[in-house]
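Following this line, the structure appears as structure tokens:
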């Protein structure tokens, strides 16, 4: 049985070079994060370009990531797709690489209701022995997984954890409380890299911060301080990381191009990624936007 | 060069049997619609379960549909997926079957901006010689293709047509006007089966009505009356079809399960489909909901 | 009993001068529309600045409008406000001026459910003998009045009509059909000035086009042609008006400032309004945006 | 000059009796909160029925609340209405009662853009000498006040504080950071009663918890523990209050009827309010829903 995953579990950003996976950069990035002390890795998340990746590209990313990680930390694999049968295909693919859990969203594209979402997760559970994590990301799938619904899935043994990117910290707090009352069947990770401190104070089991690709040390320090009950240090680290996260406030670009675009620009500036190439049809940050990201790295003491 | 597609172009509903494609029912349904006089067929649309279908299932549907149609009417193939590279894979698949055009949405799942959507369609155009139709369906992709944007794509030769399921008939009318002013580079089809009459009066080139799977004759009669300028008949047919369409007002079910669920129930009741099985995780309509659909068929004179 | 209102019922745009109601311009505008043959007037609609108007300003507008109209056409008065008791205050105000009906939205600002909306309209009905029109405008109140709900209100004698600005012409068609089946208890007017032709073909009782402040003759001609069953003329007028309506495509301005801003600019250019002043905090259209509006008037043959 | 407001600032819930303000209950409730040690009172907020209240009712509430408070704590007065001129009327009304600040939202009902919202707040500032607090509540006004926008208003001396009910704690954290960098021109209060602990850890100046009407002692204890840096106690109090807040999970009711409905039911059960009457058209909680609220009070040790 897989040991519960907690702590810092970054969603792996993907280096590209001439539209191909840049394996050397990927290796640098993964090793850098593991050496910083991360507790797990989330491969093929939204940050990890899952929605842009063909089946072949997903397979390549899983193969290289599992090879590089080599069991040093547990791996969660995103299996995100529009509907159940397509998600099950991705699960079968992930199973081949011995991942420690899979992360699935509610179905999307087609409008459905809560009982459809329930049968979706149930069908995934029947199709695999891997632990299933629910990915609550209404900004992408336009459906909110309520705490009550997630606890229902937990009570039937369908779910092992939740990655919360819902933007709804009130709902997340209730989920933490209900989970506690039920004996903690779920591991609960927040994806809101700017308010991890509050989530940890409130009882979250960890975080999935995209920004940890850029500054894994900061998130690891914050996690350790939280474990030690040193909330002043937790808050100070979070403040520093919240300021660093303003790298995404670039001009004339929004969404994925701004968020993951800034992470890739930072990783290039730090010498971790060779390029900051983005998947089609997104453009990389350039010029003053690239400079903005570099300035934020310097302010945070990450770049000379 | 492909002749412009106009008139009645139903989005093909998919018969299933024990989770497999029911080819015999598919054949009955396609032949029935062609014999009724439809002007084209849209395979792998939202109604056509594109979001539920694995790559293998999409291939099977394309193979069987093109085989059955056998050139009697033009075929548009949906190539709907989250982002560009995945859509291009579906285009390559569709090309093998000699379809007459492909139908693509804006990228979805990941948040993007208009220039990303522009580069997306441009990349599709560079990847194929097939005519490209834009599928404007914000309820699924959460992005509205504005008339100005569509005309920009038209002016660059990227688009050949639009399937409008935006729910925004004001915007569609402006699109019709702008398209007229630009020399009619686009074929413009409405997907709103309940107000096709108004769209035709306003200058639409045709319709893509899911309900035409159930009553192709009605839509063909409406189209012919519109061609003849007989608007009283157009309106009378539309009234009858609007009433028939209330088959989707079932109890306790919404979205795809209600809409396509009602069409499949009707096709089963009419003896066209052997089952009204739905793709996982959606349930078929049963009991009083199935009876409701049958009652609507009887009221419309389609069932004894 | 009030005679059913049908035909062209423009929502009255409000001329301002130094932040005060410009009565002379109001008189010119109302007389111009009545002389063009409009069938009624909707005072204090969204176009009519109801949301910007204090109670004193609302009273002034009602007093002047009823005085100027002087019974030549029926008047509907908007009584739009956040919740029931405040709406009832506006109803009492409107009653003093002998209007022919009041127009109310669902409650807004505070989140509620359908039964609250039901009790809201029921409470309005209990508070007045005036005919009540439901104003379906989800873009402002973030609640859609379903056809089924509206027919429930109709069946209880609570409603006399609907002004539909929902943007949902599918839903409107079903409302028309249900209303017909129930013996036509409601008068149904569309607010979508760009697709009035389709609404009339589909059975609407008339329209409430903001653009009719600018070109009342066009809408009156369209209505008369529809009454005569001359759909080619209906369509041709609508095409012309749809083109004229592109006056709202101004640069750098959206929403009320673009829509009503363009109408006021046009009315100033036509010499009907003395100024195109907008209510605080909205700015009037100026410079190239004002020129754009004027150009559209010239293209439509309304300005030399 | 008014001293900066921080700490616990409950939004005053309104007791009704036969549709009138129940002054005796109001007096009990205000005194109970002040004796518990609250730091201020927010009168006429969303919880405080501002949207349901006519001008006369607003005046009555302001008069009674200021009389009862009698300077013991500062008072913020909500002046919420659809557009600028109407809001200014409410400001003039509030000025008569010597309140310590006013709280205004972005304009709503009519669609506008950021520059309109800017001119709105600027016009309010020009109309009064009272400190202005921005109320960020997109669920009601459908507009998000970005941190950058709020800091722009702060830099021009237009704003003195923000009441954040945006549900977006990421944005709030950035606001806290930007405000700190700018020398703390704004007092920043969170309205999310379930995650006040995280907000305080992150640097918020206090909270505006509706639930503090029910349990003011809990929020006061949490605030004092935060001031003392005792985060374990802060978290423990918040956990207890998060559990208490589940009183709003009633059956068949949502929105205001569930949230404020539960608060009023609790205040009745506690003997603070004589009735749990709700403003038209909302129904009070009854039967099993009332029992549910009482059970939550007992679990929290507030009711025997």
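Protein chains in written order, with our numbering: chain A, 60 to 363; chain B, 60 to 363; chain C, 60 to 363; chain D, 60 to 363. We put the beta carbon where it would ideally sit given N, CA and C, even for glycine. Predicted, not measured: the structure shown is a model, and the values here were computed from it.
Can you tell me which of the three DSSP states residue i falls into?
i, result
"residue 343 of chain C", "coil"
"residue 65 of chain B", "coil"
"residue 192 of chain C", "strand"
"residue 294 of chain D", "helix"
"residue 244 of chain A", "coil"
"residue 336 of chain C", "coil"
"residue 128 of chain C", "helix"
"residue 76 of chain B", "strand"
"residue 249 of chain A", "strand"
"residue 268 of chain B", "coil"
Whole angstroms are fine: how far does the CA of residue j sit from the CA of residue i?
i, j, result
"residue 36 of chain C", "residue 271 of chain C", "The structure shown does not extend to residue 36 of chain C, since chain C is modelled only from 60 through 363, so no value can be given for it."
"residue 60 of chain B", "residue 284 of chain B", "Any answer about residue 60 of chain B is weak, because its pLDDT of 45 lies below 50 and its placement is not dependable; what the coordinates show is given next. Whole-angstrom Cα-Cα distance: 28 Å."
"residue 361 of chain D", "residue 276 of chain D", "10 Å"
"residue 160 of chain C", "residue 91 of chain C", "22 Å"
"residue 70 of chain A", "residue 156 of chain A", "17 Å"
"residue 212 of chain C", "residue 245 of chain C", "10 Å"
"residue 305 of chain C", "residue 183 of chain A", "50 Å"
"residue 209 of chain D", "residue 236 of chain D", "12 Å"
"residue 98 of chain B", "residue 337 of chain D", "59 Å"
"residue 114 of chain D", "residue 342 of chain B", "52 Å"
"residue 192 of chain B", "residue 150 of chain A", "32 Å"
Checking 8 Å against the spacing of the C-beta atoms, do residue i and residue j come in under that value?
i, j, result
"residue 134 of chain A", "residue 109 of chain A", "no"
"residue 66 of chain B", "residue 101 of chain B", "no"
"residue 179 of chain B", "residue 190 of chain B", "no"
"residue 232 of chain C", "residue 254 of chain B", "yes"
"residue 247 of chain B", "residue 221 of chain B", "yes"
"residue 322 of chain C", "residue 72 of chain C", "yes"
"residue 18 of chain A", "residue 294 of chain D", "Residue 18 of chain A lies beyond the residue range present for chain A, which begins at 60 and ends at 363; the question has no answer from this structure."
"residue 326 of chain C", "residue 198 of chain D", "no"
"residue 85 of chain A", "residue 123 of chain A", "yes"
"residue 63 of chain C", "residue 143 of chain D", "no"
For residue i, report the span of its alpha helix (DSSP H) as first-last.
i, result
"residue 164 of chain A", "Premise fails: residue 164 of chain A is in no alpha helix (DSSP H) and is neither H nor E."
"residue 186 of chain C", "173-186"
"residue 276 of chain C", "275-286"
"residue 85 of chain B", "82-95"
"residue 254 of chain A", "Run containing residue 254 of chain A: none; DSSP gives neither H nor E here."
"residue 215 of chain B", "It is not in any alpha helix (DSSP H) - residue 215 of chain B carries neither H nor E in the DSSP assignment."
"residue 143 of chain B", "143-154"
Could you tell me whether any Cβ in chain G is nearer than 8 Å to the Cβ of residue i?
i, result
"residue 339 of chain B", "You won't find chain G in this structure, because its protein chains are A, B, C and D."
I'd like the span of the beta strand (DSSP E) that includes residue i, first residue to last.
i, result
"residue 101 of chain C", "100-102"
"residue 136 of chain D", "134-137"
"residue 323 of chain B", "It is not in any beta strand (DSSP E) - residue 323 of chain B instead sits in the alpha helix (DSSP H) that spans 315-328."
"residue 222 of chain B", "220-223"
Exercise. What are the residues of the region 195-213 of chain A that lie near chain B, defined by any Cβ-Cβ distance shorter than 7 Å?
Worked result: Those would be 198, 199, 201, in chain order.
Problem set entry | Near-chain C residues of the region 276-299 of chain B - C-beta to any C-beta below 9 Å | Considering only beta carbons, the part of the region 276-299 of chain B lying closer than 9 Å to chain C consists of 288, 290, 291, 293, 294, 297, 298, in chain order.
Exercise. Going along the region 174-187 of chain A in order, which residues come within less than 7 Å of chain B, judged by CB to CB distance?
Worked result: 175, 178, 179, 182
For this session: Return the residues of the region 215-246 of chain C that lie within a Cβ-Cβ distance of less than 7 Å from chain B, sorted by chain order.
Result: 226, 227, 228, 229, 232, 233, 236
Exercise. According to a CB-to-CB cut-off of less than 8 Å, which residues of the region 141-163 of chain C neighbour chain D?
Worked result: 141, 142, 143, 144, 145, 148
Exercise. Which residues, taken in chain order from the region 347-363 of chain C, show a beta carbon closer than 7 Å to some beta carbon of chain D?
Worked result: For the region 347-363 of chain C, which is checked against every Cβ of chain D, not one residue is closer than 7 Å.
For this session: Name, going along the chain, the residues of the region 79-107 of chain B whose beta-carbon falls closer than 8 Å to a beta-carbon of chain C.
Result: none
Problem set entry | Positions along the region 254-266 of chain C whose CB lies within less than 8 Å of some CB in chain B | 254, 256, 257, 258, 260, 261, 262
Problem set entry | Chain-ordered residues of the region 303-318 of chain D with a beta carbon less than 9 Å from chain A | 304, 305, 308
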